[in-house]
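Chains F and X supply the protein sequences, listed in that same order.
Its first residue numbered 1, the first sequence is counted upward by one per residue in my numbering.
Its first residue numbered 1, the second sequence is counted upward by one per residue in my numbering.
Glycine is no exception: its CB is placed at the ideal position from the N, C-alpha and C atoms.
The structure appears right after this line, and notes come after that.
There are 2 protein chains.
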Amino acid sequence: MEENITHIVTHLVLQLAVILVAAKVAGELTERYLKQPSVLGELCAGVIIGPFALGALSIPGLGVLFPLPHAAHGAAIFIPVSNELWSVAQIASVVLLFVAGLETDLKQFLRFAPQASVVAIGGVFFPFVAGIYAPVLMGFTDNPFDTMPLFLGCVMTATSVGITARILGDIQQINTPEGVTILAAAVVDDVLGILALTIVIGIAETGGVSISNVALVGGKATGFWLALTIGGILIAPYISRLLLKFQSTGASLALALGLAFIAAALAEMFGLAMIIGAYSIGLALSGTELKERIMEPLESLFHGLVPIFFVVMGMLVNLEAMTASIGLGIVLTILAILSKVFGSGLPALAVGFNRIGSTRIGIGMLPRGEVALIVAGIGLARGVIGPDIFGVAILMTVVTTFLAPILLVPSFKSGGDGLTKH
Amino acid sequence: MEENITHIVTHLVLQLAVILVAAKVAGELTERYLKQPSVLGELCAGVIIGPFALGALSIPGLGVLFPLPHAAHGAAIFIPVSNELWSVAQIASVVLLFVAGLETDLKQFLRFAPQASVVAIGGVFFPFVAGIYAPVLMGFTDNPFDTMPLFLGCVMTATSVGITARILGDIQQINTPEGVTILAAAVVDDVLGILALTIVIGIAETGGVSISNVALVGGKATGFWLALTIGGILIAPYISRLLLKFQSTGASLALALGLAFIAAALAEMFGLAMIIGAYSIGLALSGTELKERIMEPLESLFHGLVPIFFVVMGMLVNLEAMTASIGLGIVLTILAILSKVFGSGLPALAVGFNRIGSTRIGIGMLPRGEVALIVAGIGLARGVIGPDIFGVAILMTVVTTFLAPILLVPSFKSGGDGLTKH
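Shown next as structure tokens:
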């Protein structure tokens, strides 16, 4: 037991060392020579050093650096890294979204909340429809309302707020009208996505939908999110004043992080993603004096921790698993891009953005990231989808996730105002 | 699998939130009202919220926040927190010792290295002798060279460089002659302690000592440590220049952390503690431009992470287990204090320190901390000591660990020069 845990910790520390070095080297190369955001380099580094590539090789005297974990109780392995590494990566994502929340201009966020809701609905509806008809189109099934196509629809609706928040933060565009709309829409998307998933799991397990169950899950998630956000905004000045009373070094930072972690854990318990809780509490504290005080030290933490999340995201990519149903994969990926860009972009156009702004919003909603992977993993674990459809979902996720930074940066650099109509 | 890991991560995030809040509240109270270093408050917070006290209570709707982990393969549970939490705490200790190394004045360290070696030898020899004779004194055994007393001797030799480094850092006394002597002696102590443990395990398993095995283990550990420290000092200017070439934000910090993690993992693989590797690489980089650049952001990381280590240390305390052999426990604890304070203090007196300086060094070497717990855990896992002797070792560790900050701060505040003889 003792030697076992010592070994686990040593192995984790070695993994983190390799991840940090790989992240920074790849990030630097990507920025300097490819003129692309460093997050793209970090994702690629993860693919290269991960358990499906170099990480699986045995190093003399060290063994395998990133071995696939053993499946417990005969369950399918969904997350191909150790619990410890996955935990560190998830903590990093919580810090990422907390910082994104702190950096958001609350007034601007509230101003664009209605537009964001419309964008989110479009960004959920069209990808869902595309997801359930894609397997029909490719001859995998006749009925788009079978559990498999329904599940694929859920995977398609996901939006990875992590990727977008990181890029928007890096290029300092979080507080543009498009920036806040994307972040707010991604939050609403998460709530809607959970509702869709609840419905589909209900159908898969009982063959029907229980309206009361959907209402319960939806009410719980929405109610908690509204309570956290509104309550947080109301008591933020008091929290700020209380935390600034602490005089010991670093206390306000540690306490603020503690708050973010509590909000994240509560969000998960109420059926939302952890990152939604972290973002909401960050948003609530964004206008306070506390934010001014903790922002600089928090950014140091950010740079040391957040790259770990993106490298681990890259590690989830299993290129081999994608090739199994490559035809459906390509069709689904194209549909995923079109349905999200137009599904979010057209509503944006309808609520006041011009073509430049709507394009930015459509692209910003594009990456599926870890949210889609987690949904697909649930499907695989419950046997609703097989390894082939899982591979297809991964392909779609990877392409949309890698495409987002490549497209988003130029879309913000060229153009200009995304609101004014000509 | 998927829901399982999500649950693990949520639970960990909630634990970290509670730990951070408890650490900072307790630290603030300790500093402000008890005028004691905050590390003492953090340790106490750990005892109170840990798995042997409040943490074991079931919270409605949440369950048990700090449950004891299930023992794998019928092994004894030595570390009473989850692998994930223990991993985070260990990473924190690596950061702590890396910062302590960076803050050490290398010239001063080398100047006092000979004195420190003498102090370390005394600080290992006397506690070891006290440890093997205490059970004889109390009638537990007749032979001080039985495996149980020998093991207790090993537990007694440990020095927790973590506790001392934290306190010396907090009161800015790392670079006094006493400060560097304590840190260097603690490092040498770790090497000597590993040799002693190797010998005792050899006796326990084969009934005798293989000189070649001891030479191998000792040579490996000493050789690695010397190579890391001397090699590190020689190439530090090049490492500094290379890392400062990276332009992306936070790259130099993340890369330096990566280096520290690699050194820590390698140290563990060569039979040393991780923290020794982290300290040595920090020491090597202490005079470079890189240090100037990363010190400020690193301190933010320090304040967010290091308290977690001390709260988790407090969580290891099981007051109930200590009461089983309370008589031996009290005797052993008194011997632990006397043998370490005089065992390190008298050699210090002999190598040029005055009484004030020698007292500081003796107290600085006092805390056994996590090192003793790990050694005791090995003994328990191998069946060399029973739960009663384990409880005794814990009592000794807890008292010396809590006593150190209480005594060390006043010893540095009063007095003055620890070298000049009157």
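- Approximately 16 Å separates the beta-carbon atoms of A404(X) and V155(X); this is outside 8 Å, ruling out the contact.
- S339(X) is classed as buried because its beta carbon has at least 16 other beta carbons within 10 Å across all chains shown.
- When CB distances to chain F are screened at a threshold of 7 Å, the residues of the stretch 294-310 of chain X falling below it are P297, S300, L301, H303, G304 and P307, in chain order.
- Residue pairing by DSSP puts I59(F) in a beta bridge opposite G63(F).
- G202(F) is a Cβ neighbour of V209(F), given a cutoff of 7 Å.
- In this structure Q90(X) is buried. Its beta-carbon is surrounded by 16 or more other beta-carbon atoms within 10 angstroms.
- G46(X) is a Cβ neighbour of G314(X), given a cutoff of 7 Å.
- Considering only beta carbons, the part of the stretch 235-256 of chain F lying closer than 8 Å to chain X consists of F246, Q247, S248, T249, G250, A251, L253, A254 and L255, in chain order.
- For S38(X), the enclosing alpha helix (DSSP H) stretches over residues S38 to I49.
- DSSP, reduced to helix, strand and coil, places N354(F) outside both helices and strands of the structure shown, so it counts as coil.
- In this structure, DSSP gives V317(F) a state outside helix and strand, which the three-state scheme calls coil.
- A distance of 7 Å or more separates the beta carbons of P297(F) and S325(X).
- Chain-ordered, the chain F residues with CB closer than 8 Å to the CB of L20(X) read A254, L255, L257, G258 and F261.
- For the pair V398(F) and V317(F), the CB atoms are nearer than the 7 Å cut-off.
- Residue-level contact by beta carbon holds for L16(X) and chain F, with a gap shorter than 7 Å.
- Around the beta-carbon of E178(X), 16 or more other beta-carbon atoms lie within 10 Å, marking it buried.
- Contact annotation, G418(F) with F342(F): C-beta distance approximately 17 Å; criterion of less than 8 Å not satisfied.
- With respect to the C-alpha of L407(F), the residue from T164(F), S252(F) and A264(F) having the closest C-alpha is T164(F).
- Within chain F, the residues whose beta carbon sits less than 7 Å from that of L12(X) are S87, listed in sequence order.
- Per DSSP, reduced to three states, the secondary structure at K413(F) is helical.
- In this structure Y279(F) is buried. Its beta-carbon is surrounded by 16 or more other beta-carbon atoms within 10 angstroms.
- Within the stretch 90-103 of chain F, those residues whose Cβ lies closer than 7 Å to any Cβ of chain X are, in chain order, Q90, I91 and V94.
- Rounded to whole angstroms, the Cβ separation of L255(F) and V94(X) is 23 Å, and the two are not in contact under 8 Å.
- Not one beta carbon of chain F lies nearer than 7 Å to the beta carbon of A158(X).
- When Cβ-Cβ separations below 7 Å define contact, K413(F) makes no contact with chain X.
- Interface flag for E268(X) against chain F is set, since a Cβ pair is found closer than 7 Å.
- The beta carbon of V214(X) sits closer than 8 Å to those of L195, T198, I199 and G202, all from its chain and outside the five residues before and after it, given in chain order.
- Taking the C-beta atoms as reference points, M295(X) is found no nearer than 7 Å to G123(X).
- Taking a cut-off of 8 Å for Cβ pairs, the stretch 107-125 of chain X and the stretch 30-41 of chain F do not touch, as fewer than three such pairs fall below it.
- Of the candidates I233(F), G193(F) and L243(F), the residue whose Cα lies closest to the Cα of T222(F) is G193(F).
- Here the alpha carbons of H303(X) and L226(F) stand approximately 32 Å from one another.
- Interface residue (Cβ-Cβ distance to chain X less than 7 Å): S38(F) is classified as such.
- Only residues of its own chain outside the window of five on either side were considered, and among them P144 have a CB closer than 6 Å to the CB of Y133(X), listed in chain order.
- Secondary structure note for Q15(F): its alpha helix (DSSP H) is the uninterrupted segment E2 to Y33.
- Chain order gives the chain F residues near E84(X) as N83, E84 and S87, where near means a beta carbon separation below 8 Å.
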